[in-house]
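Shown next, in C-alpha cells, is the structure this report addresses.
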Amino acid sequence: MKIVSILNQKGGSGKTTLTTNLAFALSLQKQKVLIVDSDPQGSASDWGNETGGEIVPVVGLNRPKSLPKDIEAVSNGYDYVLIDGAPQLSDQMSSAIRVSDIVLIPVQPSPYDIWAAASLVDAIKQRQELGSELKAFFVISRAITNTNLAGEVKGALSEYGLPSFTSSTTQKISYSSSAAAGKTVFQTNDKKAQSEVESIAKELMELK
Ligand SMILES: Nc1ncnc2c1ncn2[C@@H]1O[C@H](COP(=O)(O)OP(=O)(O)O)[C@@H](O)[C@H]1O
Ligand SMILES: [Mg+2]
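Per our numbering, residue 1 is the first one in the sequence shown, and the count goes up by one each step.
What follows is the structure, encoded as C-alpha cells:
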C-alpha cells in the first residue's frame, strides 16, 4: 500500500481535482483506491457525497495528531491511499507529509504559484534530510494549451531541487463540470483530459 498526499498550501491549485481524477484513473488500472479528505473544508467529501462514494470511496480524517493511526485503521486492503491536502502550512499538512510515501504538488504555471510552494518544499526537504524515503514531485496543473509556459515553468521549478512529473493537466472545463456532479473527466467524453490523467496515474505507478 502506498500513501500519496496531494499537497499545496495555495487554494485553487488543483489538489482536490487531481486527487479525485487520479483516484479514478488508478482504479481503471485495477488498483484499489481510497481518498482521505484531510481538508477541514471537506471538498473531497462533498464530491464523494454527490455519488454516495460510488466512484471512489472517501473518508474524512482531519485530526492531524491521529492521522497516522486513523489511516492505519481505514487503509487495509487498498493499493493506494490518496490524501487530499488542506490549504495553508497547517498541522494537517505536516502530518500528511509525515505519513506519506509520495507527495504530489500540483502547481499552476504562474510565478506567484511557484513562489508560494517554497515553504512546502522546505518542509518536504527537512523530512528527506532526516533520512525519510519520502519522494516528492511537482505536477503542473491547469496549463493553458498552446503556450510554452509549462516548459518554462519546469525550468523554474527545477530550482527547488524536486523533480516534476512529465505529464500534466491543462485548463479544461470538463474538470470543473464533472466535479460539480461528484464525477471525474472519465464520466465525460473529454478524451484529452482523460489521457492527461491516465498519464499521471501511469507515472505514479511506475515509481518504485
Ligand atoms: N485542469 C483544470 N481545468 C479547469 N478547471 C480546473 C482544473 N483543475 C481545477 N480546476 C477548477 O479550479 C478550482 C480549484 O480546484 P481545486 O481542485 O478545488 O483546488 P484546491 O483543492 O487546490 O483548492 C475548482 O473550481 C476546479 O474545478
Ligand atoms: Mg481542495
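Ideal Cβ placement from N, Cα and C applies to all residues, glycine included.
Answer yes or no: does any C-beta atom of chain C fall closer than 7 Å to that of residue i?
i: S75; result: Structure shown: chain C not included; a single protein chain is present.
Could you check whether the Cβ of residue i sits closer than 6 Å to any heavy atom belonging to ligand 3?
i: G12; result: Among the ligands modelled here, namely ligand 1 and ligand 2, ligand 3 does not occur.
For a quick check, are the C-beta atoms of residue i and residue j less than 7 Å apart?
i: V99; j: P68; result: yes
i: K125; j: I102; result: no
i: F138; j: L120; result: no
i: A143; j: K172; result: no
When every heavy atom of ligand 1 is checked, does at least one fall within less than 6 Å of the C-beta of residue i?
i: A25; result: no
i: S100; result: no
i: A179; result: yes
i: S176; result: yes
i: R142; result: yes
i: T188; result: no
i: K172; result: yes
i: T184; result: no
i: T145; result: no
i: T166; result: no
Could you say which of the options lies nearest to residue i if we only look at CA atoms?
i: I83; options: G42, P106 and I35; result: I35
i: E54; options: E72, F24, Y80 and G77; result: F24
i: S178; options: V4, M1, T16 and N8; result: T16
i: S27; options: S132, F186 and N148; result: F186
i: V31; options: D39, V56 and N8; result: According to the sequence as given, residue 31 is Gln; it is not Val. Of the candidates D39, V56 and N8, the one whose C-alpha sits nearest the C-alpha of Q31 is V56.
i: Q128; options: G161, G52 and Q88; result: G161
i: S110; options: K154, K192 and Q194; result: K154
i: E159; options: M205, G131 and A117; result: A117
i: I105; options: S132, V4 and G77; result: V4
i: S90; options: A123, W115 and M205; result: A123
i: L207; options: S176, T184, P163 and I97; result: P163
Run through the DSSP bridge pairs and tell me what residue i is partnered with.
i: L82; result: V4 and I35
i: I140; result: V107
i: V56; result: In DSSP, V56 forms no bridge with anything.
i: K135; result: I102
i: S164; result: F138
i: T170; result: A143
Only counting the same chain, and skipping five residues up and downstream in sequence, which positions put a Cβ closer than 7 Å to that of residue i?
i: T19; result: I6, I35, A44, L82 and D84
i: D113; result: K10, S13 and V107
i: E50; result: A181 and G182
i: A201; result: L22, A25, L26 and Q29
i: Y78; result: M1, K32, V33 and L34
Using a threshold of 6 Å, is the CB atom of residue i nearer than that to any non-hydrogen atom of ligand 2?
i: T20; result: no
i: S94; result: no
i: K15; result: yes
i: S5; result: no
i: S43; result: yes
Take residue i and list the residues in its own chain whose beta-carbon comes closer than 6 Å to its own, dropping the five residues that flank it on each side.
i: T169; result: S141 and E196
i: V74; result: V59
i: T188; result: S174 and S178
Given residue i, which residues of its chain have a CB within under 8 Å of its CB, disregarding the five upstream and five downstream residues?
i: T166; result: S199 and E203
i: Q92; result: S38, D39, P40, N62, P64, L67, G85 and A86
i: W47; result: T16, T20, V58, A179 and G182
i: Q88; result: Q9
i: S94; result: P64 and A123
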